[in-house]
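In the numbering used here, the protein residues as written are -10 to 129.
For each residue, glycine too, the CB sits at the ideal point set by N, CA and C.
Each remark here refers to the structure printed beneath this line.
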Amino acid sequence: MKKIIFVFLLIFMSCKTTNEIRYVNQYDCSLEYLDSKFEFKFELIEFHENFAYCATEGIPYALLIGKTDDPRLPKKISVFSQCNNNHYTVGEKMIIVPKENPTKSTSLKPIYFTKDTIVNSVKFRKIIGCENKIIWGNPK
(Lines of atoms letter the chains of each structure in order from A and count residues from 1; the text may use other names and numbers.)
(Lines give C-alpha, C1' and ligand atoms only; values in the text may rest on other atoms or scores of the structure.)
Protein backbone atom coordinates (compact mmCIF):
# COMPACT_ATOMS: atom_id res chain seq x y z
CA MET A 1 0.00 0.00 0.00
CA LYS A 2 2.85 2.39 0.82
CA LYS A 3 4.38 1.74 -2.59
CA ILE A 4 1.13 2.62 -4.35
CA ILE A 5 0.84 5.87 -2.41
CA PHE A 6 4.49 6.67 -3.12
CA VAL A 7 4.05 6.02 -6.87
CA PHE A 8 0.87 8.10 -6.91
CA LEU A 9 2.60 11.02 -5.17
CA LEU A 10 5.58 10.74 -7.50
CA ILE A 11 3.32 10.88 -10.57
CA PHE A 12 1.27 13.71 -9.09
CA MET A 13 4.35 15.79 -8.27
CA SER A 14 5.85 15.27 -11.71
CA CYS A 15 2.75 16.60 -13.47
CA LYS A 16 3.25 20.12 -14.67
CA THR A 17 0.86 22.62 -16.13
CA THR A 18 1.77 23.44 -19.70
CA ASN A 19 -0.24 26.67 -19.85
CA GLU A 20 0.82 29.51 -17.65
CA ILE A 21 -1.66 32.33 -17.31
CA ARG A 22 -0.11 35.78 -17.17
CA TYR A 23 -2.03 38.43 -15.31
CA VAL A 24 -2.41 41.96 -16.66
CA ASN A 25 -4.23 44.82 -14.95
CA GLN A 26 -5.88 46.57 -17.85
CA TYR A 27 -7.38 49.79 -16.61
CA ASP A 28 -7.31 51.19 -20.11
CA CYS A 29 -10.20 53.54 -19.56
CA SER A 30 -9.82 56.53 -17.31
CA LEU A 31 -12.51 57.43 -14.82
CA GLU A 32 -13.98 60.71 -15.99
CA TYR A 33 -16.37 62.26 -13.50
CA LEU A 34 -19.04 64.82 -14.38
CA ASP A 35 -20.09 67.47 -11.88
CA SER A 36 -23.79 67.96 -12.43
CA LYS A 37 -25.97 70.20 -10.29
CA PHE A 38 -29.32 69.34 -11.88
CA GLU A 39 -31.60 66.30 -11.62
CA PHE A 40 -32.15 64.30 -14.80
CA LYS A 41 -34.28 61.46 -16.16
CA PHE A 42 -32.49 58.14 -16.55
CA GLU A 43 -33.36 54.75 -18.07
CA LEU A 44 -31.46 51.82 -16.58
CA ILE A 45 -29.77 49.46 -19.07
CA GLU A 46 -27.28 47.69 -16.73
CA PHE A 47 -27.19 47.29 -12.95
CA HIS A 48 -24.54 46.03 -10.52
CA GLU A 49 -25.76 45.68 -6.95
CA ASN A 50 -23.79 46.94 -3.94
CA PHE A 51 -22.94 44.14 -1.50
CA ALA A 52 -20.58 46.08 0.79
CA TYR A 53 -21.43 47.93 3.99
CA CYS A 54 -20.96 51.68 4.24
CA ALA A 55 -18.48 51.38 7.11
CA THR A 56 -15.84 49.64 5.00
CA GLU A 57 -12.32 50.74 4.12
CA GLY A 58 -13.53 52.10 0.79
CA ILE A 59 -16.54 53.78 -0.79
CA PRO A 60 -19.16 51.17 -1.72
CA TYR A 61 -21.69 52.03 -4.39
CA ALA A 62 -24.36 50.54 -6.63
CA LEU A 63 -23.46 50.91 -10.30
CA LEU A 64 -26.27 52.05 -12.57
CA ILE A 65 -25.51 52.36 -16.28
CA GLY A 66 -28.16 53.95 -18.41
CA LYS A 67 -29.40 56.34 -21.05
CA THR A 68 -30.46 59.93 -20.68
CA ASP A 69 -32.13 62.31 -23.11
CA ASP A 70 -30.82 65.46 -21.44
CA PRO A 71 -28.81 67.48 -24.02
CA ARG A 72 -26.43 68.68 -21.26
CA LEU A 73 -25.28 65.10 -20.62
CA PRO A 74 -23.84 62.27 -22.74
CA LYS A 75 -26.40 59.81 -24.13
CA LYS A 76 -25.03 56.98 -21.93
CA ILE A 77 -23.59 57.48 -18.43
CA SER A 78 -22.61 55.52 -15.34
CA VAL A 79 -24.08 56.53 -11.98
CA PHE A 80 -22.21 55.61 -8.79
CA SER A 81 -24.85 55.55 -6.03
CA GLN A 82 -22.93 55.60 -2.74
CA CYS A 83 -24.04 53.13 -0.01
CA ASN A 84 -27.12 52.21 -2.03
CA ASN A 85 -28.24 48.63 -1.27
CA ASN A 86 -31.48 48.80 -3.26
CA HIS A 87 -32.19 46.53 -6.21
CA TYR A 88 -33.26 47.94 -9.59
CA THR A 89 -34.62 46.34 -12.75
CA VAL A 90 -33.19 46.86 -16.22
CA GLY A 91 -35.54 49.13 -18.17
CA GLU A 92 -36.63 50.99 -15.04
CA LYS A 93 -37.01 54.76 -15.45
CA MET A 94 -35.91 57.01 -12.62
CA ILE A 95 -34.72 60.49 -11.75
CA ILE A 96 -31.11 60.85 -10.62
CA VAL A 97 -30.23 63.45 -7.99
CA PRO A 98 -26.50 64.27 -8.34
CA LYS A 99 -24.28 64.55 -5.29
CA GLU A 100 -20.70 65.64 -4.68
CA ASN A 101 -17.94 63.16 -5.48
CA PRO A 102 -17.13 61.61 -2.06
CA THR A 103 -13.46 61.16 -2.98
CA LYS A 104 -13.09 64.95 -2.70
CA SER A 105 -13.88 64.88 1.04
CA THR A 106 -12.14 61.67 2.14
CA SER A 107 -8.99 59.69 1.49
CA LEU A 108 -11.06 56.56 0.78
CA LYS A 109 -11.38 55.30 -2.79
CA PRO A 110 -14.33 53.57 -4.50
CA ILE A 111 -14.55 49.77 -4.35
CA TYR A 112 -14.70 49.18 -8.09
CA PHE A 113 -16.68 46.51 -9.92
CA THR A 114 -14.24 44.58 -12.09
CA LYS A 115 -14.51 41.94 -14.78
CA ASP A 116 -11.82 39.36 -15.53
CA THR A 117 -11.36 37.60 -18.85
CA ILE A 118 -8.68 35.30 -20.26
CA VAL A 119 -7.53 35.74 -23.88
CA ASN A 120 -4.60 33.72 -25.29
CA SER A 121 -3.48 32.69 -21.78
CA VAL A 122 -3.42 36.31 -20.59
CA LYS A 123 -5.86 37.35 -17.87
CA PHE A 124 -7.16 40.92 -18.21
CA ARG A 125 -9.04 42.90 -15.58
CA LYS A 126 -11.28 45.86 -16.41
CA ILE A 127 -13.30 48.30 -14.30
CA ILE A 128 -16.98 48.02 -15.21
CA GLY A 129 -18.66 51.33 -16.01
CA CYS A 130 -15.49 53.28 -16.82
CA GLU A 131 -16.28 53.33 -20.54
CA ASN A 132 -18.89 56.03 -19.77
CA LYS A 133 -18.62 59.36 -18.00
CA ILE A 134 -19.51 58.98 -14.32
CA ILE A 135 -21.83 60.92 -12.03
CA TRP A 136 -22.17 60.35 -8.30
CA GLY A 137 -25.86 60.46 -7.47
CA ASN A 138 -28.91 58.73 -6.04
CA PRO A 139 -32.15 57.59 -7.69
CA LYS A 140 -35.19 59.51 -6.49
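In angstroms with no decimal places, state the Cα-to-Cα distance between residue i and residue j.
i           : j          : result
residue 119 : residue 63 : 14 Å
residue 116 : residue 19 : 9 Å
residue 41  : residue 82 : 25 Å
residue 21  : residue 44 : 25 Å
residue 60  : residue 70 : 22 Å
Measuring alpha carbon to alpha carbon, tell me which residue in the options is nearest residue i.
i           : options            : result
residue 113 : 50, 86 and 103     : 103
residue 100 : 46, 79, 36 and 125 : 46
residue 38  : 52, 29 and 31      : 52
residue 32  : 78, 97, 122 and 42 : 78
Just grab the DSSP bridge partners of residue i for me.
i          : result
residue 51 : 70
Determine the DSSP secondary structure at residue i, reduced to helix, strand or coil.
i           : result
residue 82  : strand
residue 103 : strand
Leaving out five residues on either side along the sequence, give the residues of the same chain with a beta carbon under 6 Å from the beta carbon of residue i.
i          : result
residue 74 : 39
residue 68 : 53, 85, 124 and 126
Can you list, in chain order, the residues of its chain whose CB lies under 8 Å from that of residue i, leaving out five sequence neighbours each side?
i          : result
residue 28 : 84, 85, 86, 87 and 129
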